[in-house]
Amino acid sequence: KVTLLQLLLDHKNNER
Amino acid sequence: SPTVSMAELEHLAQNISKSHMETCQYLREELQQMTWQAFLQEEVESYQSKPREVMWQLCAIKITEAIQYVVEFAKRIDGFMELSLRGDVTQRGAPRFGWGSLVCSGALYQDDLSSSLEVVFVRMCRAFDPQNNTVYFDGKYAGPDVFKSLGCDDLISSVFDFGKNLCSMHLSEDEIALFSAFVLMSADRSWLQEKLKVEKLQQKIQLALQHVLQKNHREDGILTKLICKVSTLRALCNRHTEKLSAFRSLYPDIVRAHFPPLYKELFGSDFEQAMPIE
């Protein structure tokens with residue numbers, strides 16, 4: 041379960 | 037702005053289109069191939085007979101999945117991360133409050149992505165079949181009746197109206213990309229110190245959108261039409277927030293325990309925030 045901060049700071053998350 | 041060169045606009049338009057395609061969740065061809073797969077009547081009835089809170093939870097999960105792709109889109113737009121997020125989060129938040137409390141005070145950075153749901157609604161026109169008034173949801177194409185058990189028929193019908201309306205503009209992928217970026221930049225950043233920088237980037241994106249529309253030989257007035265949609269999008273999102281608070285007042289424990297943290301961070305500024313990272 042992700043949080044916004046994790047999403048923002050992670051290098052790459054969701055791409056096709 | 038006279039200071040923006042054509043080469044710069046072209047570069048920005050390419051960056052945004054590329055970011056959109058890399059993060060669009062579903063390819064348009066995939067979606068179009070599936071339009072014949074509408075939910076069967078018995079499947080529709082099964083959604084309708086779900087308890088309200090179960091359907092709300094399912095929709096919150098689907099919205100959150102879509103938003104994760106929008107966040108990735110935002111991160112890839114030239115200039116977005118530099119605006120405030122990473123710099124501001126680390127400079128303002130971390131040293132002063134420590135990492136844990138920074139995560140708790142979600143308001144620091146959630147403003148930047150407050151319009152991510154608006155972008156989800158814009159992207160929805162790719163997954164919308166205007167002929168049957170259905171949208172891709174949970175593996176098949178769904179009409180408004182699928183969402184009946186949510187108990188917000190007015191919001192659902194406004195969302196479908198918006199989808200149909202945006203579809204009628206027949207936007208190309210690069211137009212959707214640029215318009216999404218424009219919508220994202222219209223976020224209300226009341227706390228942001230560098231407001232001027234954001235406005236400058238938004239102006240540049242608007243010029244890049246105009247450039248793309250001209251390049252695609254779109255009729256005059258389409259830019260104005262698109263810009264007018266921003267207030268419709270904001271109204272839809274406000275309505276969603278109202279519906280969510282009404283739902284939460286009835287089912288506080290469901291929201292607290294079962295809704296995705298990201299969804300709660302974005303749509304309930306008064307919700308308890310996500311747990312701090314160790």
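Those protein sequences? They're chains A and B, same order as listed.
For the first sequence, my numbering assigns the number 41 to the initial residue and increments by one for each residue that follows.
For the second sequence, my numbering assigns the number 37 to the initial residue and increments by one for each residue that follows.
Every residue, glycine too, gets a C-beta built ideally from N, C-alpha and C.
Collapsed DSSP secondary structure at threonine 170 (chain B) in the structure displayed
In the second sequence, residue 170 (chain B) corresponds to position 134, counting from 1. Correct three-state label for threonine 170 (chain B): strand.
Taking the beta strand (DSSP E) that alanine 176 (chain B) belongs to, which residues open and close that run?
Taking the first residue of the second sequence as position 1, residue 176 (chain B) is located at position 140. Reading off the sequence, residue 176 (chain B) comes out as lysine, not alanine. Here the beta strand (DSSP E) through lysine 176 (chain B) covers 176-178.
With 9 Å as the C-beta to C-beta threshold (strictly closer), list the residues of the segment 42-65 of chain B near chain A in chain order.
Sequence-ordered contacts of the segment 42-65 of chain B with chain A read Met57, Glu58, Thr59, Cys60, Gln61, Tyr62, Leu63 [C-beta pairs closer than 9 Å].
Provide the residue span of the alpha helix (DSSP H) that contains glycine 187 (chain B), from first to last.
Within the second sequence, the letter at position 151 stands for residue 187 (chain B). Unbroken run through glycine 187 (chain B): none, as it is neither H nor E.
If you measure from the CB of lysine 86 (chain B), is any heavy atom of the ligand GDP nearer than 7 Å?
With respect to small molecules bound, the structure shown includes none, and the ligand GDP cannot be examined in it.
Report the neighbours of valine 107 (chain B) on chain A: residues whose CB is nearer than 8 Å to its CB, in chain order.
Looking up residue 107 (chain B) in the second sequence gives position 71. Neighbours of valine 107 (chain B) across chain A, judged by C-beta separation under 8 Å: Leu44, Leu47, Leu48, Asn53, Asn54.
Report the three-state DSSP secondary structure of aspartate 50 (chain A) (helix, strand or coil).
Against the first sequence, residue 50 (chain A) aligns to sequence position 10. In the structure shown, the three-state DSSP call for aspartate 50 (chain A) is coil.
Does any CB atom of chain A fall closer than 8 Å to the CB of lysine 98 (chain B)?
Counting from 1 along the second sequence, the entry for residue 98 (chain B) is found at position 62. Nearest CB-CB separation between lysine 98 (chain B) and chain A: not below the 8 Å threshold.
From B:Leu67, B:Leu207, B:Phe183, B:Ala223, pick the residue whose C-alpha is nearest to that of serine 150 (chain B); which is it?
Position 114 of the second sequence, counting from 1, holds the residue named residue 150 (chain B). Residue B:Ala223 is the option with its Cα nearest to serine 150 (chain B).
Chain-order list of residues whose beta-carbon lies under 7 Å from that of cysteine 188 (chain B) (same chain, five-residue window excluded):
Along the second sequence, one-based indexing puts residue 188 (chain B) at 152. The beta carbon of cysteine 188 (chain B) sits closer than 7 Å to those of Lys279, all from its chain and outside the five residues before and after it, given in chain order.
Express the C-alpha separation of threonine 39 (chain B) and glutamine 69 (chain B) in angstroms, rounding to a whole number.
For the purposes of this step, residue 69 (chain B) is taken as residue 33 along the second sequence, with counting starting at 1. For the purposes of this step, residue 39 (chain B) is taken as residue 3 along the second sequence, with counting starting at 1. Cα-Cα distance, rounded: 44 Å.
Could you check whether the segment 151-163 of chain B touches the segment 234-244 of chain B, counting it as contact only if at least three pairs of C-beta atoms, one from each stretch, sit closer than 8 Å?
They do not touch, by the three-pair rule.
Contacts around serine 53 (chain B), its chain only, beta-carbon distance under 6 Å, and the 5 residues preceding and following it disregarded
By one-based count along the second sequence, residue 53 (chain B) stands at place 17. Only Asp210, Ala213 meet the Cβ criterion.
Enumerate in chain order the residues of its own chain whose CB-to-CB distance from proline 180 (chain B) is below 8 Å, with the five nearest sequence positions on each side excluded.
Position 144 of the second sequence holds residue 180 (chain B). Counting only residues of its own chain and dropping the five nearest sequence neighbours on each side, proline 180 (chain B) has a CB closer than 8 Å to the CB of Asn169, Asp189, Ile192, Ser193, Phe196.
Is there a C-beta anywhere in chain A that falls below 8 Å from the one on glycine 175 (chain B)?
The count along the second sequence starts at 1 and reaches residue 175 (chain B) at position 139. Taking 8 Å as the CB threshold, glycine 175 (chain B) stays off the interface with chain A.
Using beta-carbon positions only, say whether glutamine 93 (chain B) and histidine 294 (chain B) come within less than 8 Å of one another.
Reading the second sequence from its first residue, position 57 is the one you call residue 93 (chain B). Reading the second sequence from its first residue, position 258 is the one you call residue 294 (chain B). Closer than 8 Å, so yes.
Give the DSSP bridge partners of alanine 74 (chain B), in chain order.
Start at 1 with the first residue of the second sequence, and residue 74 (chain B) comes out as number 38. BP columns for alanine 74 (chain B) point to B:Tyr177.
Cross-chain neighbours of leucine 94 (chain B) in chain A, by beta carbon under 9 Å:
The count along the second sequence starts at 1 and reaches residue 94 (chain B) at position 58. Those within 9 Å of leucine 94 (chain B) in chain A number zero; the least Cβ separation is about 16 Å.
The alpha helix (DSSP H) that contains serine 151 (chain B), what's its start and end?
For the purposes of this step, residue 151 (chain B) is taken as the residue at position 115 of the second sequence. Careful: serine 151 (chain B) lies outside any alpha helix (DSSP H) and carries neither H nor E.
What does leucine 67 (chain B) touch in chain A if you count any residue whose Cβ is under 8 Å from its own?
Along the second sequence, read from residue 1 onward, the residue named residue 67 (chain B) stands at position 31. Per Cβ cutoff of 8 Å: no residues; leucine 67 (chain B) is ~13 Å from chain A at best.
Return the first residue and the last residue of the alpha helix (DSSP H) that cysteine 264 (chain B) is part of.
The count along the second sequence starts at 1 and reaches residue 264 (chain B) at position 228. The continuous alpha helix (DSSP H) containing cysteine 264 (chain B) extends over residues 258-286.
Measure from the C-beta of glutamine 104 (chain B) to each C-beta in chain A and report whether the shortest distance is under 8 Å.
Within the second sequence, residue 104 (chain B) is the residue found at index 68, counting from 1. For glutamine 104 (chain B), the nearest CB of chain A lies under 8 Å from its own CB, placing it at the interface with that chain.
Delimiting residues of the alpha helix (DSSP H) encompassing alanine 244 (chain B):
Translated into the one-based positions of the second sequence, residue 244 (chain B) becomes position 208. For alanine 244 (chain B), the uninterrupted alpha helix (DSSP H) segment begins and ends at 231-251.
Could you confirm whether any beta carbon from chain A is found closer than 8 Å to the beta carbon of leucine 220 (chain B)?
Within the second sequence, the letter at position 184 stands for residue 220 (chain B). Chain A, which has no Cβ nearer than 8 Å to the Cβ of leucine 220 (chain B), makes this no.
With a 10 Å radius around its C-beta and 16 neighbouring C-beta atoms as the bar for buried, classify leucine 76 (chain B) as buried or exposed.
Position 40 of the second sequence, counted from the start, is the residue given in the question as residue 76 (chain B). By the Cβ-count criterion, leucine 76 (chain B) is exposed, with fewer than 16 other Cβ atoms from all chains shown falling within 10 Å of its own Cβ.
What number of angstroms, rounded off, separates the C-alpha of serine 137 (chain B) from the C-alpha of glycine 304 (chain B)?
Counting from 1 along the second sequence, the entry for residue 137 (chain B) is found at position 101. Counting from 1 along the second sequence, the entry for residue 304 (chain B) is found at position 268. Here serine 137 (chain B) scores only 32 on pLDDT, less than 50, and its place in the model is too uncertain to base an answer on.
Phenylalanine 157 (chain B) by DSSP, collapsed to three states: which one?
Here residue 157 (chain B) refers to the residue found at position 121 of the second sequence. DSSP places phenylalanine 157 (chain B) in helix when its eight states are reduced to three.
Could you say which of B:Asp174, B:His56, B:His206 lies nearest to threonine 100 (chain B) if we only look at CA atoms?
Within the second sequence, the letter at position 64 stands for residue 100 (chain B). When B:Asp174, B:His56, B:His206 are compared, the shortest CA-CA separation from threonine 100 (chain B) is found for B:Asp174.
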